[in-house]
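See below for the structure under consideration.
Number of protein chains: 2
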Amino acid sequence: MRLSSRSHLVIHDPDSIRQRIYDRIGPDLERVEREIQSHLDTDIPLISVVGRYIMNSGGKRLRPLLMILAAKLCGYRGEDDVKLAVVFELLHAATLLHDDVVDNAEVRRKHPAANTLWGNPAVVLVGDYLYSRSILMAVRYNSVDILEVLSSATTRMAEGEVLQLIHADNLEVDEGEYLKIIERKTAVLMSAACQIGVLFGGGSDAEAEAARRYGRHLGIAFQLVDDTLDYMGDVEELGKPVGNDIQEGKTTLPLIFALANGSSRAREELKRIFSAEEISAEDFSRVRELVTQAGGIEYTMKLAEDHVSRAKGALSIFPPQSAREILVDIADYVVCRKM
Amino acid sequence: MRLSSRSHLVIHDPDSIRQRIYDRIGPDLERVEREIQSHLDTDIPLISVVGRYIMNSGGKRLRPLLMILAAKLCGYRGEDDVKLAVVFELLHAATLLHDDVVDNAEVRRKHPAANTLWGNPAVVLVGDYLYSRSILMAVRYNSVDILEVLSSATTRMAEGEVLQLIHADNLEVDEGEYLKIIERKTAVLMSAACQIGVLFGGGSDAEAEAARRYGRHLGIAFQLVDDTLDYMGDVEELGKPVGNDIQEGKTTLPLIFALANGSSRAREELKRIFSAEEISAEDFSRVRELVTQAGGIEYTMKLAEDHVSRAKGALSIFPPQSAREILVDIADYVVCRKM
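Chains A and B, in that order, are what the protein sequence lines are.
Using the working numbering, the letters of the first sequence correspond one by one to residues 1 to 339.
Using the working numbering, the letters of the second sequence correspond one by one to residues 340 to 678.
This is the structure we're talking about:
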């Protein structure tokens, strides 16, 4: 991305910030990994195999780490957080499996998508299993408040996925509708992870609300950057082809902005390209060029940075401490990451 | 079915017993219907349309009625039961939607299966929505005990579905494995509905356990009869083709019994028929004949009747009353029904 050309942005080096996060969060990440692996042994081999495949496909464990860090913000120092934290990774994995079926995906994080290996039926059902299992794990924390936040989140996520499906191949989607989709499909779960971390950690209502806002803005920024990387990212680093969203009929903000604000010639050309049956690699290069020229990339990244600022701002209610610094780093990482 | 030829069975007329159940349960059924319809209005049209289609496709509302009757067994006389009761119908609908995708079904209850009308992506996602929504509705009853039973049930159901998938096209499935599948895919939810009815109605632990056992045996009997009807039922009454299970590669008890206990010539012939690419209508007639001759239908129905007896026996802990009589009628109906 051409971020370095823009003066208002503090430049972060994604590799060094990532390293700093992992240096500080290493022990928690190891706890999360051990806990995840312990849930992948079931007496039904297909569940273990598909579950292990999706859970070990290179995810960043962002959602469980958010929950753990949010609990630490409120002074929690025990080890019981991890069983609740992995609920968010299991839920996330369940949505990835169903997404792969819905999108008829071929590749996920450099590997064949699960549906290409085990077929849609197995992937749908193992997704259902991970989903139910994660709710059951959360139930055992004995808190109706936590379950309310969690199941509201999954309901909203399903709504977001349906909204996205409704708008597949629709070039008329506007920014408001797009934001509604990404809020539900991505931000709601990160937001729930942060809010539940505070509920678990014994924080106040105001702290829970602040954590919820942090997670929400982080999640929106995360998806905005994801959608930008789909235009501008490096195939090798991303682990999936760029231009994926367009192939799957997803009209995301860079394109929405270009269609609304580009020159009339650019708009006509974009519409002509999308009216064709197939979009070739040259077509995609041209789309990228038109979207960039119209300011769609810059606009989307600017919006992501705004949301990152608001995420960091929401943390001000918490006293300065290591967990808060890491959450700030995570927010900064989200906008400078290349994968 | 040739039930009338067997002397040990009290003969019930399914139509009159059904009428008797509906006469007594009519007002509750109306409350359930109104409540279901009120949950099908969402601001996302695709969810409403697919949700309404599957919810209004002729289901018997058995699961919500079980929950309501179980609450009445413990003396509950209010109207707040219905919001919790419909959770079981929404969950059931979610599994039907995902089943249709998994089975690549063409027909459900005399109508085109939802996936043939809206495609797999919409059906997977609306299933996810109904599932999440139902958990959220249950959360609002503020009882971790209820949520534990419910989410244990959905986890076991997903396991049952995966087990069934693993054994697709497998003629080697034995009775034990088959019973494990039907217990999880069918009995567990009915059992949870009954147990949760007692928890909601304020019954004792012993009553909750009795209701759980009633629901479990009822559910096993229900599925045994379903699997028998798939061989012996009337296409018109069933609303789907007979021989469906075989077409979908499901080896159910009538066939399992015949393969284990039929003459060696019958076994060879059955295996020869199943080794072919396609199973014609004549092949299916021959399978039905062989399975019946080997005693597979009689054995399965006898087992269903045993489970119905045990279901009714479990109710003895409750004092005689209308709700108990209706639950006895439901159990009797399950084995004599033709659809």
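Using N, Cα and C, we set each Cβ at its ideal position, and we do this for glycine too.
Inset, instruction - Could you check what DSSP says for B/Arg447 in three-state terms: helix, strand or coil? - result: strand
Legend entry - Any non-hydrogen atom of the ligand ATP within 7 Å of A/Ala85 CB: In the structure on display, the ligand ATP does not appear, and there are no ligands present to speak of.
Inset, instruction - Report buried or exposed for B/Asn443, applying the criterion of at least 16 other Cβ atoms within 10 angstroms of its Cβ. - result: exposed
Legend entry - Inter-residue CB distance, B/Ala670 and B/Ala643 (contact presumed, cutoff 8 Å): Rounded, the Cβ-Cβ distance is 10 Å, inconsistent with contact.
Legend entry - Alpha-carbon spacing of A/His92 relative to A/Met190, whole angstroms: 10 Å
Legend entry - Endpoints, alpha helix (DSSP H) assigned at B/Gly515: 514-521
Inset, instruction - Could you say which of B/Pro384, B/Phe596, B/His646, B/Glu637 lies nearest to A/Glu159 if we only look at CA atoms? - result: B/Pro384
Legend entry - Of the residues A/Ala276, A/Val126, A/Arg288, A/Phe318, the one placed nearest A/Arg213, counting alpha carbons only: A/Phe318
Inset, instruction - Give me the Cα-Cα distance between B/Val478 and A/Asp205, rounded to the nearest whole angstrom. - result: 20 Å
Inset, instruction - Determine the closest residue to B/Leu304 out of B/Val463, B/Glu575, B/Asp645, with distance taken between C-alpha atoms. - result: In the structure displayed, chain B extends from 340 to 678; residue 304 of chain B sits before or after that span and is not available.
Legend entry - Beta-carbon proximity list for A/Asp245, same chain, < 7 Å, skipping 5 on both sides: Asp227, Asp230, Thr252
Legend entry - Environment of B/Glu589 [buried if 16+ CB atoms lie within 10 Å]: One detail in the question is off: residue 589 of chain B reads as Lys in this sequence, not Glu. So B/Lys589 ends up on the buried side.
Inset, instruction - Using the Cα positions of B/Ala550 and B/Ala633, report the straight-line distance between them to the nearest angstrom. - result: 35 Å
Inset, instruction - From the DSSP output, in three-state form, read off A/His92 for me. - result: helix
Inset, instruction - Could you tell me whether the stretch 482-491 of chain B touches the stretch 437-451 of chain B, where touching means 3 or more Cβ pairs closer than 8 Å? - result: no
Legend entry - Amino acids of chain A, ordered along the chain, whose beta-carbon sits closer than 8 Å to that of B/His437: Val124, Leu125, Asp128
Legend entry - Start and end residues, alpha helix (DSSP H) containing B/Arg625: 620-632
Inset, instruction - Using a threshold of 8 Å, state whether the C-beta atoms of B/Gly390 and B/Leu379 are closer than that. - result: yes
Legend entry - Pair within 8 Å by beta-carbon distance, A/Ile17 and A/Tyr333: yes
Legend entry - Where A/Thr252 sits in the DSSP three-state scheme: coil
Legend entry - For A/Ile181 and A/Gly296, the rounded distance between their alpha carbons: 18 Å
Inset, instruction - Output yes or no for whether 8 Å exceeds the beta carbon distance between B/Arg495 and B/Val537. - result: no
Inset, instruction - Taking all protein chains shown into account, decide if B/Tyr361 is buried (16 or more other Cβ within 10 angstroms of its Cβ) or exposed. - result: exposed
Legend entry - Under 7 Å from the C-beta of A/Ala158: neighbouring residues of chain B: Leu464, Asp467, Tyr468, Ser471
Inset, instruction - Could you confirm whether any beta carbon from chain B is found closer than 8 Å to the beta carbon of A/Arg324? - result: no
Legend entry - Span of the alpha helix (DSSP H) around B/Asp671: 661-675
Inset, instruction - Closer than 7 Å by C-beta to B/Thr639: which residues in its own chain qualify, once you throw out the five before and the five after it? Chain order, please. - result: Leu563, Asp566, Thr567, Leu592, Pro593, Phe596
Legend entry - Rounded straight-line distance, which links the Cα of B/Ser471 to that of A/Leu69: 26 Å
Inset, instruction - Kindly indicate if chain B contains any beta-carbon less than 8 Å away from that of A/Asn244. - result: no
Inset, instruction - Can you have a look at A/Ser7 and say buried or exposed, based on whether 16 or more other CB atoms are within 10 angstroms of its CB? - result: Low local confidence applies: a pLDDT of 41 at A/Ser7 is under 50, so the model's placement there is unreliable, with the coordinate-based value given in what follows. It is exposed - the Cβ of A/Ser7 has fewer than 16 other Cβ atoms within 10 Å.
Inset, instruction - Would you verify that the beta carbon of B/Gln446 is, or is not, closer than 8 Å to some beta carbon of chain A? - result: The question names Gln, but residue 446 of chain B in the sequence shown is Val. No, no contact with chain A.
Legend entry - B/Ala410 versus B/Asp419: straight-line alpha-carbon distance, rounded: 11 Å
Legend entry - First and last residue of the uninterrupted alpha helix (DSSP H) at B/Tyr415: Element bounds for B/Tyr415: n/a, residue is neither H nor E.
Legend entry - Residue-chain proximity (B/Ser530, chain A), Cβ-Cβ < 8 Å: no
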